[in-house]
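Numbering (our numbering), first residue to last: 328 to 569.
Ideal Cβ placement from N, Cα and C applies to all residues, glycine included.
Model, not experiment: these values are computed from the prediction.
Take a look at the structure below.
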């Protein structure tokens, strides 16, 4: 991967950057995404934020080598600390767990003033992001699920709007699996949730050995319910789980 040829998952993020946006890429690593976005004319300016010394220096070097210092500023800081309100109109956060992305958004929610679009690529736990978007009045506009090098990634794009608009049917199922992804169950979707179902079935077997008391019984009901939501989605028929 380089600034001219991104990975499949980062290409999916980049193509959702609005034309002539000012992008803040949080957790930018080597600044591949902002360099690509500016070089390809997707963004007019970018901020690459990184909290760790090594990736921060690597990002600075990448921007220098690309000759993009006039358009990309590399800043060191935790999450959205690297930007000011009204400074960026598009935020990208890619390659982290969904719970961590939510914590970044929550901790820096005051910095989201003026931001028109969020493009988020969780490695796991996309449901945490969907719930946060609902709770904070962001409307999920688009989703994509892809497979790359044996790993499956989801890309979520949100804008300010009607947060419940995408969730017209079973809201809990749609938050877990993705309202748009449920409408177009591609091979990556089926593979991901078939794997998840198998893992939950293994968990269920262990819980059954623990009996039906206290925390184990409560956990068992949670696992059964989640498994039901998944089974309904991947089998296209009413689940026999209860």
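Please identify the residue among 501, 369, 554 whose C-alpha is closest to the C-alpha of residue 522.
When each option's Cα is compared against that of residue 522, the closest is 554.
Can you tell me which residues form a DSSP beta bridge with residue 480?
The partner list for residue 480 (beta bridge, DSSP) reads 473.
List in chain order: all unbroken alpha helix (DSSP H) runs of 4+ residues lying wholly within the region 412-457.
Runs found: 425-434.
Could you give the first and the last residue of the continuous alpha helix (DSSP H) run that contains residue 381?
Unbroken alpha helix (DSSP H) run through residue 381: 380-393.
To the nearest angstrom, how far is the alpha carbon of residue 361 from that of residue 493?
Taking the straight line joining both Cα atoms gives about 29 Å.
So, under 8 Å CB-CB, residue 519 and residue 456 are touching, yes? Tell me the CB distance rounded to an integer number of Å.
At roughly 16 Å, the Cβ-Cβ gap does not stay under 8 Å, so residue 519 and residue 456 are not in contact.
In terms of residues, what are the limits of the alpha helix (DSSP H) holding residue 541?
Note, residue 541: alpha helix (DSSP H), 541-562.
Residue 328: buried (16+ other C-beta within 10 angstroms of its C-beta) or exposed?
Residue 328 should be labelled exposed.
Determine the extent of the alpha helix (DSSP H) in which residue 514 is found, giving its start and end residues.
514-536 is the span of the alpha helix (DSSP H), which, as asked, contains residue 514.
Just mark residue 464 as buried or exposed, buried being the case when its beta carbon has 16 or more other beta carbons within 10 Å.
Its Cβ having fewer than 16 others within 10 Å, residue 464 is exposed.
Could you tell me the boundaries of the alpha helix (DSSP H) in which residue 335 lies?
Start and end: 335-341.
Can you tell me which of 346, 365, 509, 487 puts its alpha carbon nearest to the alpha carbon of residue 331?
The shortest Cα separation from residue 331 among 346, 365, 509, 487 belongs to 365.
Only counting the same chain, and skipping five residues up and downstream in sequence, which positions put a Cβ closer than 7 Å to that of residue 489?
The answer, listed in chain order, is 466.
Tell me whether the beta-carbon of residue 376 lies closer than 8 Å to the beta-carbon of residue 353.
Yes; because the gap between Cβ atoms is below 8 Å, this pair is in contact.
Is it buried or exposed for residue 476, if we count other Cβ within 10 angstroms and need 16 for buried?
Exposed.
Let me know the secondary structure DSSP gives residue 496 once reduced to three states.
Coil.
Strictly by DSSP, which residues pair up with residue 465?
DSSP lists 487 as partners of residue 465.
For the alpha helix (DSSP H) that contains residue 409, what are its first and last residues?
Per DSSP, residue 409 belongs to no alpha helix (DSSP H) and is neither H nor E.
Residue 378 to residue 534, Cα distance in whole Å?
Approximately 40 Å, taken between the alpha carbons.
I believe residue 402 touches residue 431 by the beta-carbon criterion, under 8 Å. Please report the beta-carbon distance rounded to the nearest angstrom.
Wrong, their Cβ atoms sit about 15 Å apart, outside the cutoff.
Report all residues from its chain with a CB closer than 6 Å to the CB of residue 543; omit the five preceding and five following residues, and keep chain order.
So the qualifying residues of the chain are 534, 537.
Cutting at 8 Å between CB atoms, please list the residues of its own chain near residue 486, excluding the five before and the five after it.
Correct list, in chain order: 443, 444, 445, 465, 466, 468.
Return the CA-CA distance between residue 529 and residue 541, expressed in angstroms with no decimal places.
Rounded to whole angstroms, residue 529 to residue 541 spans 20 Å at the Cα level.
Based on Cα-Cα distance, which residue from 459, 405, 368 lies nearest to residue 398?
Comparing Cα positions, the closest option is 368.
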